[in-house]
Structure formats: C-alpha cells, structure tokens
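There are 2 protein chains.
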Amino acid sequence: MTVTSWVPVPEGSDFPLANLPYGVFEPAGEPARVGVAIGEHVLDLAAVLGDEVFAQPSLNAFMAQGKQSWQQTRARITEMLTEESHRGTVEPALHRRDEVRLLLPFEVADYVDFYASEQHASNIGRMFRPDSPPLMPNWKHLPVGYHGRAGTVVASETPIVRPSGQRKPPQAEAPAFGPSQRLDIEAEVGFVVGAGSELGTPVSTEDFAEHVFGVCLVNDWSARDIQAWEYVPLGPFLGKSFATSVSPWIVPLDALQQARVPTPDQDPQPLPYLREDRPWGLDLAMEVSLNDEVVARPPFEALYWSPAQQLAHMTVNGASLRTGDFYASGTVSGSETDQRGSLIELSWNGENPLTLKDGSQRVFLADGDTVTIRATAPGADGTRIGFGEVTGTILPAREES
Amino acid sequence: MTVTSWVPVPEGSDFPLANLPYGVFEPAGEPARVGVAIGEHVLDLAAVLGDEVFAQPSLNAFMAQGKQSWQQTRARITEMLTEESHRGTVEPALHRRDEVRLLLPFEVADYVDFYASEQHASNIGRMFRPDSPPLMPNWKHLPVGYHGRAGTVVASETPIVRPSGQRKPPQAEAPAFGPSQRLDIEAEVGFVVGAGSELGTPVSTEDFAEHVFGVCLVNDWSARDIQAWEYVPLGPFLGKSFATSVSPWIVPLDALQQARVPTPDQDPQPLPYLREDRPWGLDLAMEVSLNDEVVARPPFEALYWSPAQQLAHMTVNGASLRTGDFYASGTVSGSETDQRGSLIELSWNGENPLTLKDGSQRVFLADGDTVTIRATAPGADGTRIGFGEVTGTILPAREES
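Residue numbers (UniProt numbering), protein chains in the order written: chain A, 1 to 401; chain B, 1 to 401.
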C-alpha cells in the first residue's frame, strides 16, 4: 500500500511524498529559511520543527548534524505530512511554491568538477585529438577532476552574463580580448557534502552516504574559447569560473535508493580504494532544453565513475571534507547523438549546427538563450522522484569600460 | 624622526611598529581572537578596541569592513602603541607571543594558485619538455592559474602527513597506489582578499588595494608523482590538495608601500586590462630552510606578474571576490641556482641532489623533515618588515587500512 500525504500532490509532480527534497525559500518580505518541497508547496521546517538549524538561509547547519539527524528529520516530516492529526498545525506552514523565491540552498565550501562520463571525455578527445586514442592514459584508472570556483556557484534563474576574456584562434598571432564566442553548457549532476571528515583520513566508497547529504542538477557554463587558450598546463580557470548554476532542491540520498544501478563495467579493474560492493550508479534521466525545446536527454546511469568513487578519490590523499563541499559529475553524455550534455558535442564542434524549431541555428549559445536542465529518477512505490530544474538565461557581455 | 613604540621592539624583530600584522591568537584556556604583532608581543584587539569583529577566531569580519576601516584601525593601533598616555590601558592587553597559540588567521573562501615566476615556469619546462620552448605560448600573455582546495589550507606548524595516491612511473604498465615518493615544497607568497566584489564586475589592477587586505607566506606542498599522473587534461588535483600551509601573520598592504618595485619588463606588452600605472611588484627577500639549514633565497621582486595583475586576471571574466578569498603567487624562483623555491628545481629533478650539513642528501622530502619559509621587506623609516614564518614537518604516510 502506498502511503500518501494529506497535501495534494498532482499526478506527475516532481515532489511526491517519496522525494522530500530540501531547499531554502524566501516568502515575500520574510527572511529566507529551510523548507521541503511537497507537491505544489514548500513546508516551512523552521515553523513546524522549531529548530534553529532550519531558521537560516542555508542548509549547512542542518547538513552538519550528520546522517542520523537527516534520517530522523525525514521520518518526522513524512509523519507530519501523512498523519491527518498533524494537519491542523502543519497546514499553516505550507507555502505555495510559486509564491516564494528559491535561493541557493547551501553555502559552498569547496567545489570540485569531475570528468566522469566516458562518452563525454571520448567525444572531446575525438574532436580535439583525432590522431590519438580518445581517452587519456589515466582516464580509466581514476576519476579525473579539478577544483572550480565555489564563490560563483549561483542559484537557478541567476542571469548569466556572457564572460569576456582572452582567446586566441589557432591561426592568430596573439590573443585578443573580448566576449566569449563559444559559450557552452555542461549538463551535470551535483553532490552536496553534509558531514565533514578529518584531515589525513580518506573517506571510503562505503562511507559515501555518511557524508553526502543529497543530489541536485548543475549547469557548469563554459567559455570554450577562453578555456582553450588558458588551460595548458594547469587546467580550466576563467573559462569556467564565471558561473555554475545549481537547482534549488537537494534530493536526499534516501529518496534515491530505488534509483541505484550498477556502474558500467570498469576495465581495467580500479585500484582497491575505488571499488564498491554495491555501486552508487544512479538511474537519472536528464533532459536539456534550449529555449523550451529539448535538445538532449543525457542518461546519468551511463556514468563510468560513480559519485562514491569520486568522493573516495577526492579524499584518498588525506584531503578533508567540510560541510558544504560540492562536487559535480562533469558533463553527462550517453552513446547516442541526442544524449550529449554540451553544445560542443551536440554540434560536433560546429560541424553539425543544431536547428531549433524557430529555424535558427546554434553552435554555441546566443544572447537571450535560456537553458534548462531537468531530471527524474525512479522512487519508492513506483513513484517518480523529480529534481526540479536548473535554468539560466544568457545576457550580453558587459560593455568594456 | 622615527616614531617608536613604548612596547620594546628588539633589534631585528620581524614586527616593528611599521609592520603591525594581524593574526588570530589563543591564550591558554581562552577563546581565540584577533591580535596584532608588535615586537615579542601580541596586542589583543578585542580588549583594547572593544569591537565585536575582533572577538572572533578569524579576520574575516574585520576584513569585510573594507579599506577605510583597515586604515582607521591601523592608525588607532599606532596611536595606542606610541602615545604613553595609552600605556596604562593597553599594556594589560599585551600577551607574550611565545605564550599564545597562533591559528589560521582567516577562513579561506576560494583559493587560487598562480604560476607567475618566469624562472620557475621555465625551469619546469626545461626539465620536462627539453625539446620545446620552456614557456607555453600563453604564459607571457596571462598569469596562468588554477583553483586549489580551500578546505586544506592550514596554519603554520600543522604536521603534514605524507599523502598516498596513484602514481605511475613512465616505464610502468599500470599505476600503483602508495605514499608519494616525490614530496616537494613550493615557496610562495599569498594575498588575502578582504573586500569582496559583485558578480559580473571585473576588478581593475588599480583597485587592487581596495580589495586585498594583506600578504603572507605560503608553502604549497606538492606530491610530484601523484600530480604527474593525474594532471592531464584538467590540471593538478590530489597532488596539491592534501595541504597548503600559511604563515600566521597577515602583513597589511600599508606596511609594504616602501617595498613596491616595478615588475620585470613585460614583453609582449600585456592586454590593457593587465596593465598597471604603478606596478605592485614587491621586494620581498624570501628564505627557505630545510631542517634549519637555508637551501634557497627566492627573490619575490623577480616575479613576472604582479599580484594586482593576478587579481585583475582572476576577475576579468566577471568572477566575483568574497572576503577570505586567497591567492598565491606560485613557486617563487630567481635566476640563480640557489634562488629556486622548490626541491624539484633545486635538485634539478634529481640530477643534483642537495647535500645537507649532516651529510644526508635530498632530492625530495624525507619523513621528519621540517621546512620553514621566512621573508622580509623594506619598511618605512628604514625599518625591516618581517613576515614571521610558515613551517611544517613531514609525518610518515598513514598506514593503509
């Protein structure tokens, strides 16, 4: 028997009772605080639980309490939303979701971006190193990753100003300065660390769920021309650091137990610290829209390295975790041409421009373009766990002063 | 006439009245708070200024107040330490420096590491790409940099556990896991951002002193073998992220006005956003000791890109700054063989091992080794501004579990 909430949840809602993702919301004229999405509503946790950790404009204080507290809180919320006896006290704490502002749900400590999709890494290799093997020699031995800029992780709906910078076409003698002409998206999935760890102590794949609080969607905007000129030998910097957008709802790992799937076969077998008894592959069906038109459906289940493997790798040198650490999968691409999570792959570096329904063509993003990423996963009792969406619109580059 | 303090300042002290660097100190059994170093003492600012921003275990709240507040506070402290009339109230707030614990002085927001020494970048190029030009094509057009791990920036004296990770010697078929065998130092200078900036608005070279609060010393510990295997194509990650040590005292820019020098000639001329009317080159004489024996004296004045150019570059794409953002110069090396700021350069990748006074040799760090970096700069009235020191001792790798 499926347990249902006394709060009406429309058919097909992203936020059934089995989901209960956490976010930070701001009712008009009131301070921002922590809430949980249910159907068309947001439940004000500060109001119904009376705990200080929810009366804050970030999830960090709650996340820092650790897994036992996360599970107790989830059980308590489920009880309040299902038992009619709570209705009288809980109903006044429900806000219509379309009447509140949703903010960046957590304060980002460190931000790491991985490169964990074999299809994405291979596509990039094939485009830019056509005479070499598509994957670098290290790629199947470790989840390649790098640190990004935490301070420019922004809430969904934040406008994205086209960045300017140095770029040098291969035939040019010297670099020129100006707005990026190759502005791209990267459709990714992000993992939010709740419970930190000690400096010097690696976190094993088995302890993934002790540390990771939940999952959201990420658009890691990328200026391919700035990146191409700057990235040798220390990696991407300004080509990525202008903005990274995240979805407002953090889906708890407990809502994703039915979405767990094996990762693809890993050959060669990874070193012991990267092995998982029961892998944390996740069956998330992603959907990338450009101006309300779906342009790609990347399958997260195709990801080569699981988020637990990413976490184990990130800490195997003794690097500590802090509450609010955030890491993303890297662009998610599948093996089909319409499953690629970036425009550079979808247009094959300009060889096959996308033609939109209005007849216009795209190789990279135009000013005014809006990109939205959504995803769903199988939930308990045949339900569907939705991630909401991360969206952003490109504004023209700043006038040079 | 040189103004002097009624607090005795020994000849040759790092901390004359012209310096007044800020730090966070913890007297035995009392809470940590903000202090200023003068001679052999630390002045408790919370006690003498009665302002909440100093009664905290980090400089961030004070730094966030901006340049006007930094200057007013410096003037007020100078007055208290010079006018005898204040002695009665101020003297009880002085702690002997050797009786307090010095902590990490600020909460690190984002950490960026540059690569701004031409001699260092050229040395690395000559060692690892002997058949190519030593500098990459982009190097003289922009200050190359990347994001490091903010959460593992640690206070001086924090023990450094030798990291383990994947490394693959060129002749090996597959990577092996184990303790780094090529553990190195990087002697750098760090810049602490006090006042943040708006997303989308670049910070010009002229506005450097509006945003940067002060300067400290950095040892960016590096596992060369881990880094060599992982860093293609996204840059250094675990080879650097296990620890970055910083000195406890943040020297205000106002103490360094006499240390300003031109940067080396920049040819080709940088793009307009990187130009400086009066460059922020700094005449810091650095000294690297291994087990109390000086092994290098890197000259910071040789740095190709100034810290103001680094800041302008870091934000030219619209990336915002936050209070606590931290960026370091990259390894500082001069043109002489004894001016190199890393062991890989000093030993020329093992070709010329260092022989220490005890007869032992080093190519990279051994367990038990202690590395200390110090620096001084010319100060007002012929004084010498000292930076104190950043030190750390290598502990053996963690036993594999």
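No residue lacks a Cβ here, since even glycine has one placed at the ideal position from N, Cα and C.
Predicted model, so just to flag it, every value in this text is computed and none were measured.
Check whether chain A comes within 8 Å of residue i, counting only Cβ atoms and requiring the distance to be less than that.
| i | result |
| --- | --- |
| THR152 of chain B | yes |
| TRP305 of chain B | no |
| GLU210 of chain B | no |
| TYR22 of chain B | no |
| GLU138 of chain B | The question names Glu, but residue 138 of chain B in the sequence shown is Asn. Closer than 8 Å to some Cβ of chain A, the Cβ of ASN138 of chain B qualifies, so yes. |
| ASP325 of chain B | yes |
| HIS120 of chain B | no |
| PRO134 of chain B | no |
| ILE226 of chain B | yes |
| VAL390 of chain B | no |
| LEU271 of chain B | yes |
| LEU183 of chain B | no |
| SER268 of chain B | Per the sequence presented here, residue 268 of chain B reads as Pro, with Ser not at that position. It does; some Cβ of chain A falls within 8 Å. |
| GLY200 of chain B | yes |
| GLY341 of chain B | no |
| VAL36 of chain B | no |
| ARG362 of chain B | no |
Using a cut-off of 9 Å between C-beta atoms, extract the partners of residue i located in chain D.
| i | result |
| --- | --- |
| ALA319 of chain B | Among the protein chains of the structure shown, namely A and B, there is no chain D. |
Using 8 Å as the limit for Cβ to Cβ distance, is residue i near chain B?
| i | result |
| --- | --- |
| ALA109 of chain A | yes |
| ALA375 of chain A | no |
| ALA174 of chain A | yes |
| LEU234 of chain A | yes |
| VAL316 of chain A | yes |
| GLU230 of chain A | yes |
| HIS41 of chain A | no |
| HIS141 of chain A | yes |
| PRO92 of chain A | no |
| VAL332 of chain A | no |
| GLN65 of chain A | no |
| PHE177 of chain A | yes |
| ARG167 of chain A | no |
| VAL294 of chain A | no |
| ARG322 of chain A | yes |
Less than 7 Å between C-beta atoms, sequence neighbours within five positions excluded: which residues of the same chain meet that for residue i?
| i | result |
| --- | --- |
| residue 421 of chain B | The structure shown does not extend to residue 421 of chain B, since chain B spans only 1 to 401, so no value can be given for it. |
| residue 418 of chain A | Past the boundaries of the shown model lies residue 418 of chain A; chain A is included only from 1 to 401, so the question cannot be answered. |
| THR315 of chain A | SER197, PRO202, VAL203, LEU321 |
Which of the three DSSP states, helix, strand or coil, is assigned to residue i?
| i | result |
| --- | --- |
| PHE300 of chain A | helix |
| GLU173 of chain A | coil |
| TYR111 of chain A | strand |
| ALA397 of chain A | coil |
| PRO233 of chain A | coil |
| PHE15 of chain B | coil |
| ALA121 of chain A | helix |
| THR383 of chain B | coil |
| GLY148 of chain B | strand |
| LEU354 of chain A | strand |
| THR337 of chain A | helix |
| ALA116 of chain A | coil |
| ALA366 of chain A | coil |
| ARG162 of chain B | coil |
| GLU157 of chain A | coil |
Thinking residue i and residue j are a contact (beta carbons under 8 Å), I'd like their distance in whole angstroms, please.
| i | j | result |
| --- | --- | --- |
| VAL218 of chain B | GLU188 of chain B | 4 Å |
| SER58 of chain A | GLU107 of chain A | 5 Å |
| LEU102 of chain A | PHE25 of chain A | 6 Å |
| LEU43 of chain B | ILE77 of chain B | 7 Å |
| THR152 of chain B | SER247 of chain B | With 8 Å as the limit, THR152 of chain B and SER247 of chain B do not qualify as a contact, their Cβ atoms being about 16 Å apart. |
| ARG224 of chain A | ASP184 of chain A | 5 Å |
| GLY165 of chain A | ASN317 of chain B | 5 Å |
| HIS147 of chain B | VAL112 of chain B | 6 Å |
Which residues in the same chain have their Cβ closer than 6 Å to the Cβ of residue i, if we skip the five residues on either side of it in sequence?
| i | result |
| --- | --- |
| residue 403 of chain A | Given that chain A is displayed from residue 1 to residue 401, the structure contains no residue 403 of chain A and the question cannot be resolved. |
| GLY350 of chain A | VAL363 |
| ASP367 of chain A | ILE394, PRO396 |
Near residue i, which residues of its chain fall below 8 Å by C-beta distance, leaving aside the five closest residues on each side in sequence?
| i | result |
| --- | --- |
| ALA47 of chain B | PRO92, ALA93 |
| ALA285 of chain A | ARG297, PRO299, PHE300, ALA375, THR376, ALA377 |
| LEU199 of chain A | GLY318, ALA319, SER320 |
(request) Identify every run of the beta strand (DSSP E) within the UniProt domain "Fumarylacetoacetase N-terminal" (18-105) of chain A, keeping only runs that are complete inside it and at least 3 residues long; order them along the chain. (result) The UniProt domain "Fumarylacetoacetase N-terminal" (18-105) of chain A contains these whole beta strand (DSSP E) runs: 22-27, 33-38, 41-44, 94-96, 100-102.
(request) Identify every run of the alpha helix (DSSP H) within the segment 180-226 of chain A, keeping only runs that are complete inside it and at least 4 residues long; order them along the chain. (result) Correct list: 208-211.
(request) Would you list, in sequence order, the uninterrupted beta strand (DSSP E) runs of no fewer than 3 residues that lie entirely inside the segment 238-326 of chain A? (result) For the segment 238-326 of chain A, whole beta strand (DSSP E) runs of length 3 or above, ordered along the chain, are 244-246, 285-290, 293-296.
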